[in-house]
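Chemist: Pasting a structure below so you can have a look.
Residue numbers (my numbering), protein chains in the order written: chain A, 1 to 469; chain B, 1001 to 1311.
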């Protein structure tokens, strides 16, 4: 097991943690625990809460925050950053291809079935080039580490990745509580993210309008990520709107403001494709707005991310990502995939069935840690019932080996204790460049031994530092 | 700004103001109760009687005891004007317009709500009532202070101020309306005795007791009280003061959006009417008609604001 703070025998810190280690040795444990309670209080006061679906009693919850930062050195980060930029460029090229010529299918690299019969594939997008030819502007790439030099991409979030507000608020809270740490450590700033998001959106939207009016589209105050939607609208200084605020006026999308009507040019939508427009997609959706997709196709409006980007999120498509990168970029992937068995393939399926106890099995469209099996920590009964589900619809699943994710200490009730983590760096794509914010959101499985970091499943978060060297 | 968001801002401020007003009213009643508890005048009962929710009250409670009344007014979710409900409405509206508020304004509102949720979770008894009420009023002051100190004085600010002052004008008008018979010039002779404790409740619930005494050096005269509550230019809860604020904020909006508005016109008319009334009539007005007419006008203004700004 690789711990990011301690070298193997647990006695000395690894290089990135040297300063923090020194600081920790001067801290009183009770004081630190008190500070942790202060942090929780700050989050509650600011209202950084989320709603859990189907939970009626305690409607607003906090994502637990751990005060021990996770630290990455700049030289480690540079390699990650390069790999992420390469991967995101490939994802956009892939999306442009599958909605147009499908060269990658013709070349026999990705099976046609996987693309054209995929739930996340939107035929409505075929033959359409979005403004700037960018499909996914806002991306989150989930990364795990297993050893000093071994980083793997766990999954790609090309649809509507969330968590960026936690990244920023975690940093703000840490600075508030431990200013001395930021005075002595050169931590790369992340405060620029909202401005960069604004720029990525306005540059991409230039094809629609030189100075586009931007808005964030939220499903509403009851959505689990509502805090983030309002945070981003606030930080960017743009309107936070709901589907019912939008109206069609001569083909344009307008909003009713206190000063009259106003055309909207760019929408950063935090609503899934399916709910975006009842005329083009799910006819029962009340979250989106009728006609929004037509306005998009007529280039009167830009949507970020483009509808149909979710095909790149698909976990079966993920398994082809090394080939996808080679095909479009003509380079070897800098970041590795986790070896993945596609259960749609007979030989893989029989291997997976034989080895369920050792594997992690996921639904191809699943997210949030729901609907997955973690073999090593599951009971016989759970494995048997999952096996039945798997056999009923094999192509709905992929399987991966259970990786020994790296650990970083958390402040537990009995002092520092190692817990497994992952990392979601956030990426912004504009016609000019691809920017990765230094660090990202570290998610941590707070339960001892657990590998599931999702907030809906008892995960927490940490501030993530990239240390300048 | 979206019309819907204008509405959220306006109502957020209205709900907060209402909750503060209700808290002040309970404070005044508590003060009265603790100093005059031997009298059999049922002050707690009369709050319920004028709340507009006495039917709701009667369904849940056996009698108008102090404990029942304060719990009804503070924390009963069935009472749409209870402080718990008003605060959660204010916060819900605030959450919808989170992006328009500065961090400090939002946090003051959110903290005030968190404190209310906490202190109103359990049955409230007389021991902790003063502190709970003080916290509510304080929370409201913190909100107001951060609003003035950190927000741009733009249309967002205007909508918040409109909500505050329409609610406040309505509250002051209703408070006078409720006790108008005690404020008639003949009031001193009707019962043969001045109803000083009642005047005190009225002034205290509008947070005007000390300022009135300070200005009038202790002379309590009914027509002077009504004059003070309606026409005084310095008293932040007088009708005149509220209407002046309404007029100014609506004038600002007309300039910002460069449009004439019905609401702005009506507020200017109300403003000049009040100016005339105070001078020309030397307060010899028909108080009852004057006040009920005022309540109607405030309501009309509320509707015009909604129409004018696409609420």
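Glycine included, C-beta positions come from ideal geometry on N, C-alpha and C.
Roughly how many angstroms lie between the CA atoms of residue 1182(B) and residue 1098(B), to the nearest whole one?
Modeler: As a first step, residue 1182(B) is located in the second chain; it is residue number 182 there, counting from the start. As a first step, residue 1098(B) is located in the second chain; it is residue number 98 there, counting from the start. Cα to Cα, residue 1182(B) sits roughly 44 angstroms from residue 1098(B).
Chemist: Check residue 427(A) in the structure and name its three-state DSSP category.
Modeler: By one-based count along the first chain, residue 427(A) stands at place 427. Residue 427(A) falls in the strand class under three-state DSSP.
Chemist: Give me the Cβ distance between residue 398(A) and residue 316(A), rounded to the nearest whole Å; I'm assuming they're in contact under 8 angstroms.
Modeler: Numbered from its first residue, the first chain carries residue 398(A) at position 398. Numbered from its first residue, the first chain carries residue 316(A) at position 316. Contact flag correct, Cβ pair sits at about 6 angstroms.
Chemist: Can you find a C-beta in chain A that's less than 7 angstroms from the C-beta of residue 1301(B)?
Modeler: One-based indexing of the second chain puts residue 1301(B) at position 301. Judged by the 7 angstroms Cβ criterion, residue 1301(B) is not in contact with chain A.
Chemist: Alpha carbon to alpha carbon, how far is residue 463(A) from residue 1307(B)? Give it in angstroms, no decimals.
Modeler: The residue given as residue 1307(B) occupies position 307 in the second chain. The residue given as residue 463(A) occupies position 463 in the first chain. Cα to Cα, residue 1307(B) sits roughly 47 angstroms from residue 463(A).
Chemist: Give the residues from the segment 223-249 of chain A that approach chain B closer than 7 angstroms (Cβ to any Cβ), ordered along the chain.
Modeler: If the cut-off is 7 angstroms between Cβ atoms, the segment 223-249 of chain A has 230, 233, 234, 239, 240, 241, 245 near chain B.
Chemist: Below 8 angstroms, can you find three or more Cβ-Cβ pairs linking the segment 204-211 of chain A to the segment 225-232 of chain A?
Modeler: In short, these stretches do not touch, since the Cβ pair count stays below three.
Chemist: What in chain A is Cβ-close to residue 965(B), meaning under 9 angstroms?
Modeler: The question about residue 965(B) has no answer, for chain B in this structure spans 1001 to 1311.
Chemist: Helix, strand or coil for residue 69(A)? Go by DSSP, reduced to three states.
Modeler: On the first chain, position 69 is the one that residue 69(A) refers to. Strand.
Chemist: When the Cα atoms are used, what is the spatial distance from residue 1077(B) to residue 1058(B)?
Modeler: On the second chain, residue 1077(B) is found 77 positions in, with the first residue counted as 1. On the second chain, residue 1058(B) is found 58 positions in, with the first residue counted as 1. Taking the straight line from one Cα to the other gives about 14 angstroms.
Chemist: Closest to residue 1311(B) by CA distance: which of 261(A), 309(A), 296(A), 319(A) is it?
Modeler: Start at 1 with the first residue of the second chain, and residue 1311(B) comes out as number 311. Looking at the Cα atoms, 261(A) is the closest of the given residues.
Chemist: Give a yes or no on whether the minimum CB-CB distance between residue 45(A) and chain B is below 7 angstroms.
Modeler: Within the first chain, numbered from 1, the residue matching residue 45(A) stands at position 45. Closer than 7 angstroms to some Cβ of chain B, the Cβ of residue 45(A) qualifies, so yes.
Chemist: Could you have a look at residue 445(A) and say whether DSSP puts it in helix, strand or coil?
Modeler: Within the first chain, residue 445(A) is the residue found at index 445, counting from 1. Correct three-state label for residue 445(A): strand.
Chemist: Three or more C-beta pairs closer than 8 angstroms, one from the segment 151-171 of chain A and one from the segment 417-427 of chain A: is that the case here?
Modeler: Judged by Cβ distances under 8 angstroms, the segment 151-171 of chain A makes contact with the segment 417-427 of chain A, as three or more pairs qualify.
Chemist: How many Å lie between residue 45(A) and residue 1114(B) at the Cα?
Modeler: Locating residue 45(A) in the first chain gives position 45, where the first residue counts as 1. Locating residue 1114(B) in the second chain gives position 114, where the first residue counts as 1. Looking at the two C-alpha atoms, the distance is approximately 8 angstroms.
Chemist: What three-state label does DSSP hand residue 1192(B) in the structure shown?
Modeler: Stepping through the second chain from its first residue, residue 1192(B) is reached at position 192. Only weak support is given to the placement of residue 1192(B): the predicted model assigns it a pLDDT of 46, under 50, and the question is left unresolved by the model.
Chemist: Tell me residue 1002(B)'s beta-bridge partners as DSSP assigns them.
Modeler: If you number the second chain from 1, residue 1002(B) lands on position 2. Residue 1002(B) pairs with 257(A).
Chemist: Buried or exposed: where does residue 1055(B) fall if 16 or more other Cβ atoms within 10 Å of its Cβ makes it buried?
Modeler: Counting from 1 along the second chain, the entry for residue 1055(B) is found at position 55. The residue is exposed, with fewer than 16 neighbouring Cβ atoms inside 10 Å.
Chemist: Can you give the Cα-Cα distance for residue 350(A) and residue 1004(B), rounded to whole angstroms?
Modeler: Against the first chain, residue 350(A) aligns to sequence position 350. Against the second chain, residue 1004(B) aligns to sequence position 4. Rounded to the nearest angstrom, the two C-alpha atoms are 56 angstroms apart.
Chemist: Could you please give the first and the last residue of the uninterrupted beta strand (DSSP E) stretch that includes residue 172(A)?
Modeler: To locate residue 172(A), count along the first chain from 1; it is residue 172. Run containing residue 172(A): none in the beta strand (DSSP E); it sits in the alpha helix (DSSP H), 164-177.
Chemist: So does the segment 275-288 of chain A actually touch the segment 314-331 of chain A, counting three or more Cβ pairs closer than 8 angstroms?
Modeler: Segments in contact, no.
Chemist: Starting from residue 221(A), find everything on chain B with Cβ-Cβ shorter than 8 angstroms and list it in chain order.
Modeler: Here the question's residue 221(A) lines up with position 221 in the first chain. Chain B residues near residue 221(A): 1092, 1095, 1096.
Chemist: In chain order, what residues of the same chain have a beta carbon less than 7 angstroms from the beta carbon of residue 162(A), not counting five sequence neighbours either side?
Modeler: Within the first chain, numbered from 1, the residue matching residue 162(A) stands at position 162. So the qualifying residues of the chain are 225, 228.
Chemist: So, helix, strand or coil for residue 418(A), using DSSP?
Modeler: Within the first chain, the letter at position 418 stands for residue 418(A). Note: residue 418(A) maps to strand in three-state DSSP.
Chemist: Under 8 angstroms Cβ-Cβ, which residues of chain A neighbour residue 963(B)?
Modeler: Since the first residue of chain B shown is 1001 and the last is 1311, residue 963(B) is not available in this structure.
Chemist: Which residue comes first and which comes last in the alpha helix (DSSP H) that contains residue 1163(B)?
Modeler: As a first step, residue 1163(B) is located in the second chain; it is residue number 163 there, counting from the start. Run containing residue 1163(B): 1155-1178, per the alpha helix (DSSP H) assignment.
Chemist: With a 10 Å radius around its C-beta and 16 neighbouring C-beta atoms as the bar for buried, classify residue 113(A) as buried or exposed.
Modeler: Within the first chain, numbered from 1, the residue matching residue 113(A) stands at position 113. By the 10 Å Cβ count, residue 113(A) comes out exposed.
Chemist: Alpha carbon to alpha carbon, what distance is there between residue 1065(B) and residue 1191(B)?
Modeler: Translated into the one-based positions of the second chain, residue 1191(B) becomes position 191. Translated into the one-based positions of the second chain, residue 1065(B) becomes position 65. Residue placement at residue 1191(B) cannot be trusted, given a pLDDT of 49 that sits under 50; the coordinates are not used to answer.
Chemist: Can you tell which of 21(A), 121(A), 80(A), 100(A) has the C-alpha that lies nearest to the C-alpha of residue 152(A)?
Modeler: Within the first chain, numbered from 1, the residue matching residue 152(A) stands at position 152. The residue with the shortest Cα to Cα distance from residue 152(A) is 80(A).
Chemist: Would you mind sorting residue 1153(B) into buried or exposed? The rule is 16 or more other CB atoms within 10 Å of its CB.
Modeler: Within the second chain, residue 1153(B) is the residue found at index 153, counting from 1. Under this definition residue 1153(B) is an exposed residue.
Chemist: Could you confirm whether any beta carbon from chain B is found closer than 7 angstroms to the beta carbon of residue 255(A)?
Modeler: The residue given as residue 255(A) occupies position 255 in the first chain. Yes, residue 255(A) lies at the interface with chain B (some Cβ there is under 7 angstroms from its Cβ).
Chemist: Does DSSP put residue 412(A) in a helix, in a strand, or in coil?
Modeler: Translated into positions along the first chain, residue 412(A) becomes position 412. Strand at residue 412(A).
Chemist: Nearest-angstrom Cα distance between residue 332(A) and residue 326(A)?
Modeler: As a working mapping, residue 332(A) is identified with position 332 in the first chain. As a working mapping, residue 326(A) is identified with position 326 in the first chain. Approximately 6 angstroms, taken between the alpha carbons.
Chemist: Quick check on residue 1303(B): does DSSP put it in helix, strand or coil?
Modeler: On the second chain, residue 1303(B) is found 303 positions in, with the first residue counted as 1. Helix at residue 1303(B).
Chemist: Count the other CB atoms within 10 Å of the CB of residue 1195(B); is the residue buried (16 or more) or exposed (fewer)?
Modeler: Locating residue 1195(B) in the second chain gives position 195, counting from the first residue. Buried.
Chemist: Using CA coordinates, which residue listed in 402(A), 363(A), 410(A), 197(A) is at the minimum distance from residue 387(A)?
Modeler: Start at 1 with the first residue of the first chain, and residue 387(A) comes out as number 387. Closest option to residue 387(A), Cα to Cα, is 363(A).
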